[in-house]
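Protein chains in written order, with the working numbering: chain E, 907 to 1044; chain C, 6 to 146.
Quick reminder that beta carbons are idealized off the backbone N, C-alpha and C, glycines included.
Note that the structure is predicted; figures quoted are calculated from it, not measured.
See the structure below:
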């Protein structure tokens, strides 16, 4: 089991997680946080593969009422699977600021989600290789 | 290193090894064997349940599994099929699994949501071990 990594790595990882929150309405900026072959599973279990596809899906989502769903990300745990591979556990706090008419009355959004990231270090930069969110049942 | 850097033959061998781990997961679930299930995990593994609850370490995963697995397959069960393997390193892989609810005699159950579990596996001493697992229910769109 390899867990050697330094504080600088942890800080860099915290910064990437903070960026996912800061760039949630910026598809171009968000895409720069991702590896080329990233895999992402969103709240609804939808899987998007590849940075270009995530970029496109995000740009499209920002054209819809989902642009008014905001998230805050609370980091709860970082553990290193390898010196250059980190498993990062977060809680996502969701605030749904869509117009009432745009909300799906049958499927209200959960207020919190458990989000897991795998980050890898590529040429000195920590990038998101994988992200998956599971709504937390109330 | 990207997934492309793992050569085709090595990839095929590793994917087969990973599929065997998923087959054991399926066997443990279908036959309600908590110890077989938990024994697959790395000791420091994190498991996120389908309800978003986090279990940290094999002991917590074991306590939960012993609580929920026995009796869970009385009326229906599930099949686990490897859908996608992403090697983030030659010895670290993200494994997406398609979890389909089926009847006890293996027929698909209409109208029940599939699961989309993800396992992060690391190869330790030659053996692939889940170090993180998470399930997200696939909503109909």
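| query | result |
| --- | --- |
| Minimum Cβ-Cβ distance from residue 141 of chain C to chain E less than 8 Å | yes |
| Where residue 127 of chain C meets chain E, residues with beta-carbon distance less than 7 Å | 987 |
| According to DSSP, residues forming a beta bridge with residue 88 of chain C | Bridge partners of residue 88 of chain C: none, in fact. |
| Residues bridged to residue 998 of chain E [DSSP beta-bridge criterion] | E:979 and E:1019 |
| Exposed unless 16 or more other CB atoms sit within 10 angstroms - verdict on residue 140 of chain C | buried |
| Separation of residue 110 of chain C from residue 81 of chain C, as counted between CA atoms | 9 Å |
| Proximity test, Cβ basis, 8 Å: residue 943 of chain E and chain C | yes |
| Buried or exposed by the 16-neighbour rule on C-beta atoms within 10 Å, applied to residue 969 of chain E | exposed |
| Neighbourhood of residue 999 of chain E by C-beta distance below 8 Å, restricted to the same chain and skipping five residues each side | 977, 978, 979, 980, 1017 and 1018 |
| Inter-stretch contact (C-beta, 8 Å, three-pair minimum) for the stretch 66-85 of chain C and the stretch 33-50 of chain C | yes |
| Contact with chain C by residue 1004 of chain E, beta-carbon distance below 8 Å | no |
| Runs of beta strand (DSSP E) lying entirely within the stretch 55-126 of chain C, each at least 3 residues, in chain order | 59-61, 81-94 and 97-108 |
| Proximity to residue 1034 of chain E [Cα-Cα], best of E:914, E:912 and E:925 | E:925 |
| Interface residues of chain E facing residue 45 of chain C [CB-CB closer than 7 Å] | Result: empty, since nearest Cβ-Cβ is about 16 Å, beyond 7 Å. |
| Proximity winner among E:1037, E:996 and E:991, relative to residue 97 of chain C (alpha-carbon distances) | E:991 |
| Identified DSSP bridge partners for residue 1028 of chain E | E:1031 |
| Simplified DSSP state of residue 39 of chain C, which is helix, strand or coil | helix |
| Straight-line gap, residue 936 of chain E to residue 1039 of chain E (C-alpha atoms, nearest Å) | 16 Å |
| Short Cβ contact (8 Å threshold) for residue 29 of chain C with residue 45 of chain C | yes |
| CB of residue 91 of chain C within 8 Å of CB of residue 945 of chain E, strictly | yes |
| Residues near residue 125 of chain C by beta carbon distance below 8 Å, same chain, minus five either side | 97, 98, 99, 100, 135, 136, 137 and 138 |
| Beta-carbon gap between residue 1002 of chain E and residue 982 of chain E smaller than 8 Å | no |
| Residues sharing a beta bridge with residue 988 of chain E, DSSP | E:991 |
| Distance cut-off 7 Å: residue 991 of chain E Cβ against heavy atoms of the ligand SAM | The model on display carries no ligand, and the ligand SAM is accordingly not part of it. |
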